[in-house]
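Residues in the sequence shown are numbered from 601 upward in steps of one, following my numbering. See structure below.
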Amino acid sequence: MRRALIAGNWKMNLDRGGAEALARALVEGTSEVNDRDILICPSFPLIPAVYAVVKGSNVWLGAQNMYFEKKGAFTGEVSADMLKSVGAEWVILGHSERRHIFKEDDELINKKVKSAIDQGLKPILCVGELLEERESGKTEDVVKRQVVEGLKDISVSDVLKVTIAYEPVWAIGTGKTATPEDADSIHSLIRSILKDMYSEEVSQKTRILYGGSVKPENIDSLMAKENIDGALVGGASLKAESFLRIIKFQ
Ligand code: PGA
């Protein structure tokens, strides 16, 4: 049985006071929630302040990106060690905004996934197709390429540290959600790719999150699907009331 994970991707939102207040409300609202994992991913500069709030609680802390090198002349970049030193234990990698706005490719994302694992951060590898790719019937090819390339040269024991998030790009921030059936069938495809690359065990143990306009209104039907193990939530993770309702899916 895979334990559910509900992750909030705050993107480039909130200032220090807003981040602390939201984190405090989430810590209070989840003090009794012990049967699922809860994660929040603030912007880099807010991580220490949020860590001070969530430390010792049921809420995990992560970052939205990192660079694969350990240190050096990489202006504007942040290493896994730096993130760990301020309390982050997870990192979102290959988010579609990184792929499409910042032109990150599968090779770079693969280096980041490997570096995160090597340095003890838990990566969430995001995959998902663009609207034009979906409309031209390329969804399965795109998702397969992103999973295979993103996990290239990662061992069986290391891949068990990876969470995958399927986020169709056309559903992110648009109010359009994939139907639970559509999402479940892509999650099942991802499981079969993991089985071919690794084993039945890896395919069954790996958590696969859905992301893209997840809201209080659709979380229960998404989570009812066999292959959906959690959610990566953007907009609806920015308000305590809506994110707590998503965390407490039935
Ligand atoms: P959204 O974003 O929930 O606002 O659609 C999801 C994401 O990009 O992770």
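Just so it is clear, CB atoms sit at the ideal spot from N, CA and C, and this is done for glycine as well. Computed from a predicted model, the values in this text were never measured in an experiment.
If you check the C-beta of VAL814 against the ligand PGA, you find a heavy atom less than 6 Å away. By the Cβ test, the region 750-761 is not in contact with the region 779-786, since fewer than three Cβ pairs between them sit closer than 8 Å. Rounded to the nearest angstrom, the gap between the Cα atoms of ILE647 and GLY687 is 7 Å. The Cβ-Cβ distance between ALA680 and LEU721 falls below 7 Å. Between the region 794-809 and the region 765-776, the count of Cβ pairs shorter than 8 Å is three or higher; the stretches touch. Rounded to the nearest whole angstrom, the C-alpha separation of PRO642 and TRP610 is 5 Å. At least one heavy atom of the ligand PGA lies less than 6 Å from the C-beta of LEU832. Counting along the chain, no beta strand (DSSP E) covers ASN827, and no H or E run does either.
Taking every protein chain shown into account, the CB of ARG603 has fewer than 16 other CB atoms within 10 angstroms, so this residue is exposed. Ranked by Cα distance from LYS805, the first of LYS815, ARG791, ASN818, MET797 is ARG791. Taking a C-beta distance under 7 Å as the contact criterion, VAL747 and ILE692 do not qualify as a contact pair. The shortest CA-to-CA distance from ILE754 to any of ASP741, VAL713, ILE724 is the one to VAL713.
Taken from the Cβ of ILE786, every heavy atom of the ligand PGA lies 6 Å or farther away. Placement of the Cβ of ASN710 at a distance of 6 Å or more from every heavy atom of the ligand PGA is found.
The alpha-carbon separation between LEU838 and GLU669 amounts to approximately 31 Å.
Within the same chain, and ignoring the five residues on either side of ARG745 in sequence, the residues whose Cβ sits closer than 8 Å to its Cβ are ASP706. Assignment of LYS722 by DSSP, reduced to helix, strand and coil, places it in the strand class. A direct Cα-to-Cα measurement between GLU732 and GLU740 gives close to 13 Å. With contacts defined by Cβ atoms closer than 7 Å, ALA771 and THR777 form a contacting pair. The nearest non-hydrogen atom of the ligand PGA is 6 Å or more from the C-beta of ILE828. In this structure, ILE790 has its CB at a distance of at least 6 Å from all heavy atoms of the ligand PGA. Between LEU622 and ALA840, the C-beta gap is smaller than 7 Å, which places the two residues in contact. C-alpha of VAL814 to C-alpha of ARG699: approximately 20 Å in a straight line.
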